[in-house]
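A.B. asks: Residue numbers (full-length UniProt numbering): 1 to 330. Before we start, here is the structure in question, set down as structure tokens.
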């Protein structure tokens with residue numbers, strides 16, 4: 001085989017070995033070991049992982065030839081993450097991939113020498129995972145999520161397109177998630193400038209979701225905000241059903257909650273973040289240091305609206321709002 005034909009047939013890991021630029025910590029000839037610690041379940045986050053895998057394929061990586069992916073699922077139970085991270089640490093990983101602050105913290109504790117890519121980091125600086133976005137300075141890089149406080153103004157404006165004069169908002173907080181306090185505090189700080197009163201209700205288990213929706217209704221909330229939290233996407237059917245039973249309009253950061261029956265979502269395109277995570281993995285396997293790879297902020301947001309739920313709640317979305325919507329569910 002001619003040299004140029006040989007090079008064309010090689011994947012990234014093999015090519016790096018051929019030219020002497022092997023992946024960080026990877027013995028010559030061995031596929032890269034990539035660990036993936038997912039806070040949610042296969043049902044809730046499987047599509048995101050598949051998007052990440054496609055991102056690797058688009059970069060020329062073939063599973064089995066160039067890398068092996070080791071998956072662990074938290075099933076929405078954050079208390080499981082430290083033990084799962086320890087399992088992955090015993091596999092001799094070259095790179096770890098996560099998608100929540102809790103998972104990134106668990107991996108950083110279990111394998112401090114392994115580079116970590118997070119597809120979604122809420123407040124990477126406040127959580128202690130990075131010194132700055134431009135120069136993380138530690139072992140974690142990847143994609144951040146825009147703070148909930150930053151999104152609040154837009155979500156309030158969208159809610160008022162449906163419910164004129166809405167000024168009493170609830171926010172559901174997962175008390176078990178270390179990132180939740182950042183989302184809660186950011187929303188409380190932004191509430192006065194958004195012209196709303198904000199009522200926070202904290203839960204510590206999925207079974208409390210229904211009671212929380214009834215509490216919001218009893219408090220006279222016009223709308224409930226559902227932050228980007230692995231629990232709420234894992235339990236999206238429960239969230240949507242509880243909101244509808246309490247006749248409570250909800251706005252989520254996850255499109256999937258709307259697909260399950262929630263009213264509306266506005267937030268980051270999470271799938272795009274996972275696709276972009278493949279780029280970071282590629283850079284790290286080629287020898288880049290996570291401390292030097294800037295944490296990127298999302299550039300694409302999406303709006304989803306469930307018209308069936310709107311009808312059940314007695315709401316009529318204006319045509320101007322429907323025209324702006326990226327995904328309309330009939």
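All residues carry an ideal CB built from backbone N, CA and C; glycine is no exception.
Note down the Cα distance separating residue 220 from residue 287, rounded to an integer number of angstroms.
C.D. replies: Within the chain shown, the letter at position 220 stands for residue 220. Within the chain shown, the letter at position 287 stands for residue 287. Taking the straight line joining both Cα atoms gives about 55 Å.
A.B. asks: Opposite residue 268 in the DSSP bridges: which residues?
C.D. replies: For the purposes of this step, residue 268 is taken as the residue at position 268 of the chain shown. According to DSSP, residue 268 bridges with 301.
A.B. asks: Only counting runs of 3 or more residues, tell me where the beta strand (DSSP E) segments fall wholly within the region 106 to 157, in order along the chain.
C.D. replies: Fully enclosed beta strand (DSSP E) runs of 3 or longer: 116 to 122, 140 to 145.
A.B. asks: Just to confirm the assignment, what range does the alpha helix (DSSP H) spanning residue 233 have?
C.D. replies: Along the chain shown, one-based indexing puts residue 233 at 233. Unbroken alpha helix (DSSP H) run through residue 233: 230 to 234.
A.B. asks: Looking at C-alpha atoms only, which residue of 275, 289, 232, 136 is the closest neighbour of residue 265?
C.D. replies: The sequence position of residue 265 within the chain shown is 265, counting from 1. Per the Cα distances, 232.
A.B. asks: So residue 72 is in the beta strand (DSSP E); what residue range does that whole segment cover?
C.D. replies: Counted from its first residue, the chain shown places residue 72 at position 72. 67 to 73 is the span of the beta strand (DSSP E), which, as asked, contains residue 72.
A.B. asks: Of the residues 98, 92, 209, which one's Cα is nearest the Cα of residue 74?
C.D. replies: Looking up residue 74 in the chain shown gives position 74. Cα-wise, what sits closest to residue 74 is 98.
A.B. asks: Going by the CB atoms, is the gap between residue 240 and residue 262 shorter than 8 Å?
C.D. replies: Along the chain shown, read from residue 1 onward, the residue named residue 262 stands at position 262. Along the chain shown, read from residue 1 onward, the residue named residue 240 stands at position 240. Closer than 8 Å, so yes.
A.B. asks: Among the residues of its own chain, which have a CB less than 7 Å from the CB of residue 91, if the five just before and after it don't count?
C.D. replies: On the chain shown, residue 91 is found 91 positions in, with the first residue counted as 1. Correct list, in chain order: 33, 35, 70.
A.B. asks: Could you check what DSSP says for residue 96 in three-state terms: helix, strand or coil?
C.D. replies: For this step, residue 96 is matched to residue 96 along the chain shown. Here residue 96 sits in strand by DSSP.
A.B. asks: What did DSSP end up calling residue 22 once you bin it into helix, strand or coil?
C.D. replies: As a working note, residue 22 is residue 22 in the chain shown. At residue 22, the pLDDT of 44 sits below 50, so the modelled position is not reliable; the number obtained from the coordinates is stated separately. In the structure shown, residue 22 sits in coil (DSSP, three-state: anything other than H, G, I, E or B).
A.B. asks: Would a C-beta distance cut-off of 8 Å place residue 85 and residue 37 closer than the cut-off?
C.D. replies: Indexing the chain shown from 1 puts residue 85 at position 85. Indexing the chain shown from 1 puts residue 37 at position 37. Yes, they are a contact pair.
A.B. asks: Put residue 53 into one of helix, strand or coil per three-state DSSP.
C.D. replies: The count along the chain shown starts at 1 and reaches residue 53 at position 53. Helix, per DSSP.
A.B. asks: So is residue 212 buried or exposed if we call it buried at 16+ other beta carbons inside 10 Å?
C.D. replies: The residue you call residue 212 lines up with position 212 of the chain shown. Buried, by the Cβ-count rule.
A.B. asks: Given this structure, state the Cα-to-Cα distance separating residue 310 from residue 296, to the nearest angstrom.
C.D. replies: One-based indexing of the chain shown puts residue 310 at position 310. One-based indexing of the chain shown puts residue 296 at position 296. Taking the straight line from one Cα to the other gives about 35 Å.
A.B. asks: Bridge partners for residue 252 per DSSP, in chain order?
C.D. replies: Residue numbering aside, residue 252 sits at position 252 when the chain shown is read from its first letter. 226, 265.
A.B. asks: Using a Cβ-Cβ cutoff of less than 6 Å, which residues in the same chain neighbour residue 18 once the five nearest sequence positions on both sides are dropped?
C.D. replies: As a working note, residue 18 is residue 18 in the chain shown. Legend: pLDDT at residue 18 = 39, less than 50; position of this residue unreliable, no value from coordinates given.
A.B. asks: Buried or exposed: which applies to residue 26, given that a residue is buried once 16 or more other Cβ atoms fall within 10 Å of its Cβ?
C.D. replies: Residue 26 sits at position 26 when you count from the first residue of the chain shown. Caution applies to residue 26, whose pLDDT of 43 falls short of 50 and renders its modelled position unreliable; the model cannot decide the point.
A.B. asks: CB-CB under 7 Å to residue 181, same chain, minus the five flanking residues each way: which ones, in chain order?
C.D. replies: As a working note, residue 181 is residue 181 in the chain shown. Counting only Cβ-Cβ distances below 7 Å, and skipping sequence neighbours, we find nothing.
A.B. asks: Alpha carbon to alpha carbon, how far is residue 210 from residue 243? Give it in angstroms, no decimals.
C.D. replies: Within the chain shown, numbered from 1, the residue matching residue 243 stands at position 243. Within the chain shown, numbered from 1, the residue matching residue 210 stands at position 210. For residue 243 and residue 210, the distance between alpha carbons rounds to 7 Å.
A.B. asks: Tell me the residue span of the beta strand (DSSP E) that contains residue 327.
C.D. replies: One-based indexing of the chain shown puts residue 327 at position 327. First-last of the beta strand (DSSP E) with residue 327: 327 to 329.
A.B. asks: Which residue's Cα is closest to the Cα of residue 226: 248, 194, 218?
C.D. replies: Translated into the one-based positions of the chain shown, residue 226 becomes position 226. When only C-alpha atoms are compared, the closest one is 248.
A.B. asks: Within the continuous beta strand (DSSP E) that includes residue 200, where are the two ends?
C.D. replies: Stepping through the chain shown from its first residue, residue 200 is reached at position 200. Residue 200 -> beta strand (DSSP E) spans 197 to 203.
A.B. asks: Which of the three DSSP states, helix, strand or coil, is assigned to residue 78?
C.D. replies: Here residue 78 is taken as the residue at index 78 of the chain shown, counted from 1. It is helical.
A.B. asks: Of the choices 285, 316, 205, whose alpha-carbon is the least far from that of residue 116?
C.D. replies: For the purposes of this step, residue 116 is taken as residue 116 along the chain shown, with counting starting at 1. The shortest Cα separation from residue 116 among 285, 316, 205 belongs to 285.
A.B. asks: Residue 137 to residue 307, Cα distance in whole Å?
C.D. replies: Here residue 137 corresponds to residue number 137 of the chain shown, with the count starting at 1. Here residue 307 corresponds to residue number 307 of the chain shown, with the count starting at 1. Approximately 46 Å, taken between the alpha carbons.
A.B. asks: Beta carbon of residue 277, beta carbon of residue 55: below 8 Å?
C.D. replies: Taking the chain shown and counting its residues from 1, one reaches residue 277 at position 277. Taking the chain shown and counting its residues from 1, one reaches residue 55 at position 55. Cβ atoms of residue 277 and residue 55: closer than 8 Å.
A.B. asks: On a CA-only basis, which of 76, 82, 119 is nearest residue 49? Give me that one, please.
C.D. replies: Looking up residue 49 in the chain shown gives position 49. For residue 49, the nearest C-alpha among the options comes from 119.
A.B. asks: By Cβ distance below 8 Å, which residues in the same chain neighbour residue 109 in space, the five residues on each side in sequence not counted?
C.D. replies: Position 109 of the chain shown, counted from the start, is the residue given in the question as residue 109. Answer for residue 109: 82, 85, listed in chain order.
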